[in-house]
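Visitor: First the structure, which I've put down as structure tokens, then a few questions once you've had a look.
In our numbering, the protein residues as written are 25 to 264.
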């Protein structure tokens, strides 16, 4: 979990108080310096333990809460990832507003493409790329199973990776299966918008900046998914 540890260590001189913590049906949210969110994975519902120290999380510092991202408990790891994202200052001048799908569709023309995570756009990619593999833990018809990852990725030129791989601690293994010259895109609302990821082989970081936390809270508290909500900006950082 080198990536998570380095992200947390990067905040050592920027620690701050935790103002708000929420877990919803599909997302967690932490407000500290900024507002950060992360997905609540389906595996969460297999656990009845609850989040460690729940009820007292506002007494922790933002870094202490970010350390929950190292937990093997998937809900705790979601809360920790939200805390990491809440600590990141996103400088919009270093980003572009472009959808990850557009990058994958453009760079994947006539090439072998893998998407880790069944994103809503995957069906649109089929006619644009040479071969498409969608790798998913909870498979839908046509998806490849997670155990096939190490056999598929070495053959791929463009690889889209869900940011939830931070939460379930699979990102580093996934990156180890990718060929060096492949284009690797980390995407989705859980994605930490930190250039630290570039040093681990990620080429494009497509994530979210919360610009109106009250709007986002309103959606998530009523069980909304991410698609179509307001109060967010979709931003992309590209390795220089």
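Heads up, the beta-carbon is just placed ideally off N, CA and C, and yes, glycines get one too.
In its own chain, which residues sit with a C-beta less than 7 Å from the C-beta of residue 250, not counting the 5 before and 5 after it?
Guide: Excluding sequence neighbours, residue 250 sits near 213.
Visitor: Quick check on the DSSP output: the beta strand (DSSP E) that includes residue 277 runs from which residue to which?
Guide: Residue numbering for the chain in the displayed model covers 25 to 264; residue 277 lies beyond these limits and cannot be assessed.
Visitor: So, using beta-carbon positions, are residue 94 and residue 28 closer together than 9 Å?
Guide: Cβ distance < 9 Å, so residue 94 and residue 28 count as in contact.
Visitor: For residue 218 and residue 151, what's the separation of their Cα atoms in angstroms?
Guide: If you take the alpha carbons of residue 218 and residue 151, they lie about 32 Å apart.
Visitor: Could you check whether the region 165-178 touches the region 35-53, counting it as contact only if at least three pairs of C-beta atoms, one from each stretch, sit closer than 8 Å?
Guide: Contact fails: fewer than three Cβ-Cβ distances are below 8 Å.
Visitor: Suppose the cutoff is 6 Å on Cβ atoms and the five residues either side in sequence are ignored; what does the same chain contact list for residue 116 look like?
Guide: Once the five neighbours on either side are set aside, residue 116 has no close Cβ partner at all.
Visitor: Starting from residue 190 and walking both ways along the alpha helix (DSSP H), at which residues does that stretch end?
Guide: Run containing residue 190: 188-191, per the alpha helix (DSSP H) assignment.
Visitor: Work out the CA separation of residue 259 and residue 142 for me, nearest whole Å.
Guide: Each residue's Cα considered, the two are about 20 Å apart.
Visitor: Can you tell me whether residue 248 is helix, strand or coil according to DSSP?
Guide: Note: residue 248 maps to coil in three-state DSSP.
Visitor: Which residue's Cα is closest to the Cα of residue 191: 40, 235, 106?
Guide: Residue 191 has its Cα closest to that of 106, out of 40, 235, 106.
Visitor: In angstroms, rounded to a whole number, what distance separates the CA positions of residue 215 and residue 209?
Guide: Distance between the alpha carbons of residue 215 and residue 209 is about 10 Å.
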